[in-house]
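What follows is a set of notes on a single structure, which appears directly below.
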Amino acid sequence: MKIECSIEKIREAISSADRITGKNLTLPILGAILFIAEGKTIKIRATNLSLGIEIEVPAKIEQEGTVAVKSDVISTVFGSIQNGTVSFQLEGDMLRITTKQNTISVKTLPYDDFPTIPVVSGDSFSIPGKKLIEGIRAVAYSAAVSDIKPEISSVYIYPDQNNLVFVATDSFRLAEKKIALKKVPEFGGILIPFKNVAEIMRIIGEYTDDVAICFSKNQLSILYESVYITSRLIDGIFPDYKQIIPKEFTTNVTVLKSDIVQALKLSHIFSDKFNHITLSVDPVKKYCAVYSKNVDVGENNTILDTAISGLPVEVSLNHRYMIDCFQSIHADSLTLSFTLPNKPVVLQGVSDQTFMYLIMPMNR
Amino acid sequence: MIETKELWGRCLKEIEQNVTKANFSTWFKNTAIIKEDEGSIYIGVPNEFVKEWLQNKFHKLIVKTLVEQVPSIRSVEYSITKLSDKKEIQESRPLITEHKTELPLRDLYINKDDNLNPKYTFDNFIVGPFNQLPYAASQAIIERPASIYNPFFVYGNTGLGKTHLIQSVGNALKKNFPDKKVFYVTLEKFAIDYTDSLAMKNTNTSFKEKYRKYDVLIIDDIQFIDKMEKTQDELFHLFNVFYENNKQIIFSSDKHPNHIKGLEERLKSRFAQGMIVDVTEPDYESRVAILKGKAAQQITKVSQEVVMYLAGLIQGNIRELEGALNIIVCQTEIKGRQLTEEEVRLLVKNSIKPKKSVSIEEVTRKIAEHFHLDESSIYEKTRRKEIVEARQMIMYILREDFNISYPLIGQKLGGKDHTTVMHSCDKIKRELKDNMVLNQDVEKIRTMFK
Chain A
1 MKIECSIEKI
11 REAISSADRI
21 TGKNLTLPIL
31 GAILFIAEGK
41 TIKIRATNLS
51 LGIEIEVPAK
61 IEQEGTVAVK
71 SDVISTVFGS
81 IQNGTVSFQL
91 EGDMLRITTK
101 QNTISVKTLP
111 YDDFPTIPVV
121 SGDSFSIPGK
131 KLIEGIRAVA
141 YSAAVSDIKP
151 EISSVYIYPD
161 QNNLVFVATD
171 SFRLAEKKIA
181 LKKVPEFGGI
191 LIPFKNVAEI
201 MRIIGEYTDD
211 VAICFSKNQL
221 SILYESVYIT
231 SRLIDGIFPD
241 YKQIIPKEFT
251 TNVTVLKSDI
261 VQALKLSHIF
271 SDKFNHITLS
281 VDPVKKYCAV
291 YSKNVDVGEN
301 NTILDTAISG
311 LPVEVSLNHR
321 YMIDCFQSIH
331 ADSLTLSFTL
341 PNKPVVLQGV
351 SDQTFMYLIM
361 PMNR
Chain P
365 MIETKELWGR
375 CLKEIEQNVT
385 KANFSTWFKN
395 TAIIKEDEGS
405 IYIGVPNEFV
415 KEWLQNKFHK
425 LIVKTLVEQV
435 PSIRSVEYSI
445 TKLSDKKEIQ
455 ESRPLITEHK
465 TELPLRDLYI
475 NKDDNLNPKY
485 TFDNFIVGPF
495 NQLPYAASQA
505 IIERPASIYN
515 PFFVYGNTGL
525 GKTHLIQSVG
535 NALKKNFPDK
545 KVFYVTLEKF
555 AIDYTDSLAM
565 KNTNTSFKEK
575 YRKYDVLIID
585 DIQFIDKMEK
595 TQDELFHLFN
605 VFYENNKQII
615 FSSDKHPNHI
625 KGLEERLKSR
635 FAQGMIVDVT
645 EPDYESRVAI
655 LKGKAAQQIT
665 KVSQEVVMYL
675 AGLIQGNIRE
685 LEGALNIIVC
695 QTEIKGRQLT
705 EEEVRLLVKN
715 SIKPKKSVSI
725 EEVTRKIAEH
735 FHLDESSIYE
745 KTRRKEIVEA
755 RQMIMYILRE
765 DFNISYPLIG
775 QKLGGKDHTT
785 VMHSCDKIKR
795 ELKDNMVLNQ
805 DVEKIRTMFK
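Each protein sequence line maps, in turn, to chains A and P. Under my numbering, the residue at position 271 of the first sequence is numbered 271, and the numbers go up by one with no gaps. Under my numbering, the residue at position 225 of the second sequence is numbered 589, and the numbers go up by one with no gaps.
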């Protein structure tokens with residue numbers, strides 16, 4: 001193999017691939033990146049058997065060939081060299097990397113065992129990359145971290161009228177984001193593992209043009225420009241979350257986002273190890289306050305400037321869950337809606353109906 | 365028909381020798397033959413990556429190995445299934461998977477307003493001679509609370525359904541009188557509430573308010589009150605408030621109030637002014653009825669023979685009955701067939717207390733022997749010290765280890781009054797606390813009956 005290409009272009013591809021290489025697996029080759037020089041491009045491939053990626057980078061190929069190199073080595077190398085052009089040449093089992101300043105030799109691995117990346121055939125649709133990421137980012141933090149229940153340690157995506165709906169829950173809180181699309185495909189809903197979702201977000205990043213999504217029962221692929229990502233899907237049923245969203249509310253509180261963020265930051269200092277805060281609302285006295293207490297630190301009570309309607313209510317919440325959702329509420333003020341003290345609290349931006357966040361109260 | 369599991373096991377052994385260990389554990393773990401259909405073999409794999417790789421890299425090897433085992437095989441297909449071991453469990457327990465799809469966000473089982481567990485109702489309460497009296501009394505209370513039996517005091521050994529009874533009363537009252545506020549609390553929770561209210565410093569008014577607003581108060585496991593003097597005071601006042609305002613109070617305990625040590629006299633007398641009933645151990649027929657009731661709630665059917673066998677084997681504690689039934693149901697589900705009598709016997713062997721059936725006469729004879737006395741002298745009307753001691757020991761053992769009623773012991777040991785027997789048992793119990801020699805004696809005697 002003998003090729004030449006631009007360092008800037010290949011560097012980005014390598015760092016994307018490096019993130020998803022399989023670490024600590026029984027098969028050491030999964031910790032490697034595969035380079036395939038063919039035709040007019042070099043393909044960079046990596047997989048951890050749950051997620052796979054293949055990125056094509058234009059290159060001048062003098063001699064075609066394939067080589068596998070340890071991912072941590074090659075990515076550090078490309079993180080440390082200056083921009084310019086680079087040439088690769090395979091000499092025996094060593095890969096020689098030459099730039100204007102550096103001459104580097106890296107040991108290669110036998111690539112026979114490097115897995116192929118599945119090609120997915122099935123339903124497909126396309127969506128602007130930015131919108132896909134917006135939807136995922138708005139909910140992904142709510143997914144369950146442990147994979148004891150795979151169906152909730154994932155992001156659920158399904159079509160609903162003119163929207164593509166993204167949902168994630170860890171059974172203590174739930175986030176739902178609706179993204180309006182001109183053309184909404186029809187499909188039954190898919191579950192993408194939440195670990196893979198985080199990587200997909202990083203890889204797609206700020207890409208604005210359409211990405212093509214294709215999926216079968218067990219596998220999903222995302223294709224745009226020169227990047228091909230494929231992820232395992234979870235074969236399961238997402239809980240019927242609509243059931244737990246209260247239909248009617250007894251109390252509504254509207255508050256400035258900056259005010260409540262400030263109040264929560266303060267109460268964080270005094271909350272106990274369960275992150276416990278108490279929200280009390282009294283419409284008669286026009287009073288809404290956040291209270292927290294930690295026997296080792298002290299206590300605090302912050303009164304919020306609010307508009308209240310309905311009945312008085314007092315709810316205990318985990319403030320961490322509450323703080324999480326503000327990144328997804330793109331409005332100046334938001335509404336907190338309550339029913340009973342032991343029923344979920346619903347948060348929504350005042351001018352933004354596309355995002356809904358639900359928190360289960362804590363047991364007292 | 366080929367035994368596919370065995371076949372795949374043999375193939376895997378073969379394949380293991382031909383590939384590296386890393387490759388084998390990455391690609392062949394969690395695979396299985398899921399179907400065999402006219403010469404086509406379908407191999408289940410965990411995901412798309414494995415499917416691709418097996419198809420592209422190991423297909424020839426797999427086909428070759430399979431054909432060596434079964435020459436008639438023509439093709440091999442791959443398909444993605446859930447992990448095989450998980451699948452087996454899911455198949456054998458369909459009801460559990462149904463639960464999986466249920467909402468994880470719902471966590472109510474115990475009603476927070478009244479602490480009652482809705483699963484305890486009279487619908488699943490089995491009435492037999494052993495609990496007829498408490499049942500009848502509770503029915504009267506449900507009809508007209510706070511009028512006849514107030515307070516209502518139920519006592520009996522652990523696992524005989526006291527909690528079930530009193531919670532059912534609470535649930536039934538709630539249904540009959542929706543405007544009455546019922547509250548169920550264990551004594552432990554009650555005491556914690558009380559101490560908490562002291563710590564809050566607002567002179568425990570909130571505690572008083574909290575409990576006084578209820579119309580029916582149910583306190584479980586009252587026997588633990590023995591050392592809590594202040595809690596007793598508080599309970600005493602609370603009791604008076606309830607009683608004067610004609611509100612129903614229900615207690616449960618594992619002892620008769622007179623036997624709760626450290627219970628103040630004024631509380632004892634107040635408990636006694638209502639109705640004190642005991643739940644005794646269920647007789648054979650009741651045990652059969654209870655087991656049948658429990659078995660009917662299970663998905664897996666348990667045969668009549670097993671029910672009869674368990675009822676005969678396990679005496680006394682209903683919780684133990686339930687435990688033994690659960691073991692059998694679980695094993696039946698795992699094995700996927702009805703268990704044989706031998707298997708049932710082995711399973712429940714450990715869950716029951718070994719109890720030899722020993723007659724009262726035999727106990728008397730052995731203990732008399734232990735004290736080097738003639739058996740007949742025990743039955744004599746004499747107050748010679750050594751004989752009295754032996755007789756008391758017999759009474760104690762019969763009562764404690766064999767659960768024989770006081771009157772029966774008295775009758776068998778020469779027509780003694782049951783209070784005499786109670787006194788004797790108490791005396792031995794008291795002496796056991798600081799008399800080492802007596803302790804050793806009891807130990808020795810107990811080993812004779814094991």
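Backbone N, C-alpha and C fix where the C-beta goes; we use that ideal spot for every residue, glycine too. This structure is a prediction, so every number in the text was calculated from the model and none was measured.
**Prompt:** By how many angstroms is the C-alpha of residue 417(P) removed from the C-alpha of residue 116(A)?
**Reply:** Between residue 116(A) and residue 417(P), the C-alpha separation is close to 6 Å.
**Request:** Name, in chain order, the residues that DSSP records as bridge partners for residue 97(A).
**Result:** When DSSP reads this structure, residue 97(A) sits in a beta bridge with 88(A) and 104(A).
**Item:** Residue burial classification, residue 639(P) (beta-carbon count within 10 angstroms, cutoff 16)
**Value:** Answer is buried; the Cβ neighbour count reaches 16.
**Message:** Please give the ranges of any alpha helix (DSSP H) in the segment 540-565 of chain P, keeping only runs that are unbroken, at least 4 residues long and fully inside the region.
**Reply:** 551-563
**Request:** Would you check if the segment 25-44 of chain A and the segment 379-398 of chain P touch, i.e. whether three or more CB-CB distances between them fall below 8 Å?
**Result:** yes
**Asked** With a cut-off of 9 Å, does the C-beta of residue 414(P) fall near any C-beta of chain A?
**Response** yes
**Prompt:** Cβ of residue 389(P) less than 9 Å from any chain A Cβ?
**Reply:** Residue contact with chain A for residue 389(P): present (Cβ-Cβ distance below 9 Å to some residue of chain A).
**Through-space distance from residue 214(A) to residue 13(A), alpha-carbon basis** = 22 Å
**Message:** Judging by CA-CA distance, which residue of 189(A), 295(A) and 200(A) is the nearest neighbour of residue 564(P)?
**Reply:** 295(A)
**Prompt:** Buried or exposed: residue 176(A), going by 16 or more other Cβ atoms within 10 Å of its Cβ?
**Reply:** Classification for residue 176(A): buried.
**Message:** Strictly below 8 Å CB to CB, what residues from chain A border residue 394(P)?
**Reply:** Here the premise fails: no neighbours, minimum Cβ distance about 12 Å.
**Request:** Please state whether DSSP places residue 495(P) in a helix, a strand or coil.
**Result:** Residue 495(P): helix per DSSP, three-state reduction.
**Message:** Along the chain, where does the beta strand (DSSP E) containing residue 51(A) start, and where does it finish?
**Reply:** Counting along the chain, the beta strand (DSSP E) containing residue 51(A) begins and ends at 51-58.
**Asked** Of all the options 186(A), 149(A) and 187(A), which has the alpha carbon lying nearest to the alpha carbon of residue 170(A)?
**Response** 149(A)
**Contact the segment 149-160 of chain A vs the segment 224-242 of chain A: 3+ CB pairs below 8 Å** = yes
**Message:** Just to confirm my understanding: we take residue 326(A), look at its own chain, exclude 5 residues before and 5 after, and list those with CB closer than 7 Å. What are they?
**Reply:** 257 and 261
**Message:** Between residue 312(A) and chain P, is any beta-carbon pair separated by less than 9 Å?
**Reply:** no
**Prompt:** Are any of the Cβ atoms in chain P nearer than 9 Å to that of residue 303(A)?
**Reply:** The beta-carbon of residue 303(A) is placed no less than 9 Å from the nearest beta-carbon of chain P.
**residue 358(A) vs residue 345(A) beta-carbon contact at 9 Å** = yes
**Prompt:** Who are the neighbours of residue 49(A) on chain P, taking C-beta pairs under 8 Å?
**Reply:** Those within 8 Å of residue 49(A) in chain P are 390, 411, 413 and 414.
**Message:** So residue 15(A) and residue 71(A) are supposed to be a Cβ contact under 8 Å. How far apart are they, rounded?
**Reply:** Rounded, the Cβ-Cβ distance is 10 Å, inconsistent with contact.
**Asked** So, are the CB atoms of residue 315(A) and residue 304(A) less than 9 Å apart?
**Response** no
**Request:** Consider the Cβ of residue 372(P): report whether some Cβ of chain A lies at a distance smaller than 9 Å.
**Result:** Chain A contact via Cβ: absent.
**Request:** Report back the beta-carbon spacing between residue 338(A) and residue 250(A) to the nearest angstrom; my notes put them in contact at under 8 Å.
**Result:** 6 Å
**Message:** One question on the structure: do residue 145(A) and residue 194(A) come within less than 9 Å of each other, judged by their Cβ atoms?
**Reply:** For residue 145(A) and residue 194(A), yes; Cβs fall inside 9 Å.
**Message:** Assuming contact is defined by CB atoms lying nearer than 9 Å, are residue 580(P) and residue 612(P) in contact in what I supplied?
**Reply:** yes
**Request:** Give the range of the alpha helix (DSSP H) segment to which residue 258(A) is assigned.
**Result:** 257-270
**Message:** Please tell me whether residue 315(A) has its Cβ less than 9 Å away from any Cβ of chain P.
**Reply:** no
**Prompt:** If we cut at 9 Å on Cβ distances, does residue 232(A) have a partner in chain P?
**Reply:** yes
**Request:** With a cut-off of 8 Å on the beta carbons, I'd call residue 324(A) and residue 141(A) a contact; round off their distance for me.
**Result:** 5 Å
**Request:** Pull up the DSSP beta-bridge partners for residue 214(A), would you.
**Result:** Note: residue 214(A) sits in a beta bridge opposite 124(A) and 221(A).
**Request:** For residue 361(A), go through chain P and note every residue whose CB falls closer than 7 Å to its CB, in chain order.
**Result:** Here the premise fails: no neighbours, minimum Cβ distance about 10 Å.
**Asked** Roughly how many whole angstroms lie between the Cα atoms of residue 791(P) and residue 742(P)?
**Response** 18 Å
**Asked** Is there a Cβ from chain P that is less than 9 Å from the Cβ of residue 189(A)?
**Response** By this cut-off, residue 189(A) is not an interface position.
**Asked** Would you call the segment 594-601 of chain P and the segment 524-544 of chain P touching, i.e. three or more CB-CB distances under 8 Å?
**Response** no
**Prompt:** Thinking C-beta only, is residue 440(P) closer than 9 Å to residue 405(P)?
**Reply:** yes
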